[in-house]
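*Asks:*
Chains as they are written, first to last, in the working numbering: chain A, 1 to 308; chain B, 309 to 807.
#1: Would you identify the three-state DSSP class for residue 774/B, choosing helix, strand or coil?
#2: Which chain A residues sit within Cβ distance under 9 Å of residue 288/B?
#3: So, for residue 290/A: in the same chain, excluding its five sequence neighbours on each side, which residues have a beta-carbon less than 6 Å away from its beta-carbon?
#4: For the ligand GDP, is there any heavy atom lying closer than 7 Å to the beta carbon of residue 240/A?
#5: Please report the distance separating the alpha-carbon of residue 729/B from that of residue 578/B.
#6: Looking at chain B, which residues of the region 72-95 of chain A have a Cβ within less than 9 Å of any of its Cβ atoms?
#7: Please classify residue 694/B: does DSSP put it in a helix, a strand, or coil?
#8: So what does residue 134/A bridge to, in DSSP terms?
#9: What do you get for residue 280/A, buried or exposed, if any count of 16 or more other CB atoms within 10 angstroms of its CB means buried?
#10: Beta-carbon of residue 752/B versus every beta-carbon of chain A: anything under 8 Å?
#11: In chain B, which residues lie less than 8 Å from residue 41/A when you measure between Cβ atoms?
#12: Look up residue 293/A in the DSSP assignment and give the residues it is bridged to.
#13: Find out if the Cβ-Cβ distance for the pair residue 81/A, residue 189/A is shorter than 8 Å.
#14: Pull up the CB-CB distance for residue 391/B and residue 398/B, whole angstroms please, since I reckon it's below 8 Å.
#15: Would residue 466/B pass as a contact of residue 757/B if the rule is Cβ separation under 8 Å?
#16: Within the chosen definition, does the region 33-44 of chain A reach the region 446-463 of chain B through at least 3 CB pairs nearer than 8 Å?
#17: Short of 6 Å in beta carbon distance, which residues of its chain neighbour residue 135/A, apart from the five on each side in sequence? Order them along the chain.
#18: Considering only residues of the same chain and omitting the five flanking positions on each side of residue 421/B, which have a CB-CB separation below 6 Å?
#19: Does any residue of chain A bring its CB to less than 8 Å from the CB of residue 380/B?
#20: CA-CA distance, residue 277/A and residue 444/B?
#21: Under 8 Å between beta-carbons, which chain A residues line up against residue 426/B? List them in chain order, please.
#22: State yes or no: is the C-beta of residue 60/A within less than 8 Å of the C-beta of residue 84/A?
#23: For residue 597/B, does the three-state DSSP call read helix, strand or coil?
#24: Could you pull out every residue in the same chain whose Cβ sits closer than 6 Å to the Cβ of residue 706/B, ignoring the five residues on either side in sequence?
#25: Using only CA atoms, which one of 761/B, 794/B and 793/B lies nearest to residue 87/A?
#26: Can you give the beta carbon distance from residue 286/A to residue 257/A, rounded, assuming they're within the 8 Å contact cut?
#27: Put residue 433/B into one of helix, strand or coil per three-state DSSP.
#28: Taking a contact to mean a Cβ-Cβ separation below 8 Å, would you say residue 468/B touches residue 379/B in this structure?
#29: Within 10 angstroms of its Cβ, does residue 489/B collect 16 or more other Cβ (buried), or is it exposed?
#30: Please identify the residue among 661/B, 386/B, 341/B and 387/B whose C-alpha is closest to the C-alpha of residue 373/B.
#31: Below 9 Å on C-beta distance, what does residue 351/B contact in chain A?
#32: Would you kindly work out how many angstroms separate the C-alpha atoms of residue 738/B and residue 473/B, rounded to a whole number?
#33: With a cut-off of 8 Å on the beta carbons, I'd call residue 92/A and residue 252/A a contact; round off their distance for me.
#34: For the beta strand (DSSP E) holding residue 477/B, just list the boundary residues, first then last.
#35: Where residue 363/B and residue 352/B are concerned, what is the direct C-alpha to C-alpha distance, given to the nearest angstrom?
#36: Using C-beta distances below 6 Å, list every residue in its chain close to residue 600/B, excluding the 5 sequence neighbours before and after it, in chain order.
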């Protein structure tokens, strides 16, 4: 159901039943967990859950983080979720459907059923209430602990310390108040109700709203080939190319190549080749001209050398 | 159904993948660290060593920890708001916080936020937006608030980037740009709010001919007074006053000029100055009386007789100017190389401007007779001749066949394009303290958002955007999968003079 962040408490009495259900449910859960949820913002594929991002990275798909980081939202040095995927990366994930990672399309659906919606609202409010109760208890305990610690430090070893502490604790019990506005609340990043979504659609590459043109196909062939060779690829717009090619994970290694995807029959003016070669030598990366040819990809590297 | 959900939830709670925090985790989140760990140096080649893979693991773990952290806020610090998809706005339900100084607007007693502002505040953890009584997640915000009707994903990325740096970013409103004329007049910035409820006062309607004529008459009479007070004019060049000759003529206005008045009041008045003769009260042959104006120029029932200008004439200063010694020296310096045009006998013989220009033309022709025939008597003549120019710039101007143009030329012929639009006004961060939403002032720059996948803006687009933006420079924000680069085009004038 859409937008249902209810936190349910499992009553202890029914734990046995839960366990039996869990066996069959855990199988479903296992298959569910193996799926990657891709959601679209317009025509841009995005990942929202950390688990999905981890799975992607294990496939070698890096993506780019474009949101604010939760810990420090007002800086641009390190960004947070969502992870924006390139169309080539999304297509690669779709292709692997048959192997380990399957992909599921995550679309927002406004709940038509009034009853189900009001049920969801009720659950949410109940969740808030129970969270508040628990936090009240935790806050009181926390206060008592600090009080104990402070008082024991102050009156270490004195005779009347025990009774004084007890008195203070009793006073605290009576006067303690934890207002509703002091409650800590979570602002969810990913849509949390997705796993409760009743219908599961299998996602086909024709479903995705990404526009496909010749250039995308060329780029995808090159991307797939380089990925299969074990390289990691990210965007290279600022370097004048299509991809930056890393020998290992971009977190720890520098890029070695700037890949530019051109089709074999495309005409490239010499000044363009000169420009990209110059650029490559300035940033100390080798420029690769990549062209798909009958299922394989042909690579040409450019090296700037002086006339002797 | 509820039970099934409960058990599923129990399973979820135990699995690592669920992202909801328990109350105890929420409580513990109060004492979370706010520091971001620094990333170490990168390495060049993967060597497959244990050390490298350990470091990689460590970096990855740090990375996931940072990303997995959820936003936890104290409920009292959150401002509640409601998303309204029909209006595509977010309405605040509780009083706004510090962000109200630079974001949001009020209308009909309610406080609203634009969707991109609301989404940014959601990401900062300041606002909680509800839709149908349930809170929206950031993902919901991205998918619901960002569309081509409101703000696209790329535009939001630029918006967020600038806001995180501290800039004040507003949506661009084409009607808020002041025209060149308004800036010349230095009008105080009118209250141009995005949704103006007060209707502007409509223009007074164009009335009959008489109304038009009387206003023109008023302005010309002011001009007349100004002229009367100027000092001596070369009498011979002045057109003789026709007043005595033709009393039935209108008072220094020709008949045909009147016929032009019925045209729209807003059109620039086109007067035929060759037929308008201004009375010259400073000339020697001056009359003490001016004829009365034509009845059509006056309001009804007003009868004006002859105008006795002797009083004015008495106030004209015809005395010789007494200059101080310094002024006299200065004048002598100026006059040393100046020759009075009127000392030329031939010029004095001219009776009007037309004869004067004929004389000048004749002189030019005489000069040209000394030029070589094979150059000057053909169809194509040289662009310049020796001795004609005194500086490089003049010379280059004369021989320049291709004229250089600036951004602001030829703009009226440009039609607005669909592809290139200005998205935002950007104001600098250090003006935040004095920033007023009602009078934001001139923005620091205006943003046009595009992407590396699209075309580079051509000259047409650059010109059209800079015209639309008038005196504020336009910056292009190019988005490439989360990476944003800023470019701007500047007008450059080729140097034409050697110093």
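All C-beta atoms, glycine included, are put in the ideal place defined by N, C-alpha and C.
*Replies:* On the basis of the coordinates in this document:
#1: Note: residue 774/B maps to helix in three-state DSSP.
#2: Look at the range of chain B in this structure, 309 to 807, and you will see that residue 288/B is not part of it.
#3: 222, 259, 261, 297 and 299
#4: Absence of the ligand GDP from the depicted structure is noted, as is the absence of any ligand whatsoever, leaving it without description.
#5: 38 Å
#6: Per Cβ criterion, the list reads 72, 73, 74, 75, 76, 77, 78, 79, 80, 81, 82, 83, 84, 85 and 86.
#7: In the structure shown, residue 694/B adopts coil according to DSSP, grouped into three states.
#8: Residue 134/A is not bridged to any residue.
#9: By the neighbour-count rule (16 or more Cβ atoms within 10 Å), residue 280/A is buried.
#10: No, residue 752/B lies away from the interface with chain A (no Cβ there is under 8 Å from its Cβ).
#11: One finds 450, 451, 454 and 461 in chain B with Cβ atoms closer than 8 Å to the Cβ of residue 41/A, taken in chain order.
#12: 296/A
#13: yes
#14: 5 Å
#15: yes
#16: yes
#17: 183
#18: 398 and 412
#19: Yes, contact with chain A.
#20: Cα-Cα distance, rounded: 48 Å.
#21: Per Cβ cutoff of 8 Å: no residues; residue 426/B is ~13 Å from chain A at best.
#22: No, the pair does not count as a contact, with Cβ atoms beyond the cut-off.
#23: Strand, per DSSP.
#24: Answer for residue 706/B: 691 and 692, listed in chain order.
#25: 761/B
#26: Residue 286/A to residue 257/A, Cβ: 5 Å. Contact.
#27: coil
#28: In this structure, residue 468/B sits away from residue 379/B, with a CB-CB distance that is not shorter than 8 Å.
#29: exposed
#30: Among 661/B, 386/B, 341/B and 387/B, the Cα nearest to that of residue 373/B is on 341/B.
#31: 248, 252, 253 and 254
#32: Cα atoms of residue 738/B and residue 473/B: separation of roughly 11 Å, rounded to the nearest angstrom.
#33: Not really, about 22 Å apart at Cβ, beyond 8 Å.
#34: 476-479
#35: 14 Å
#36: 612, 613 and 614
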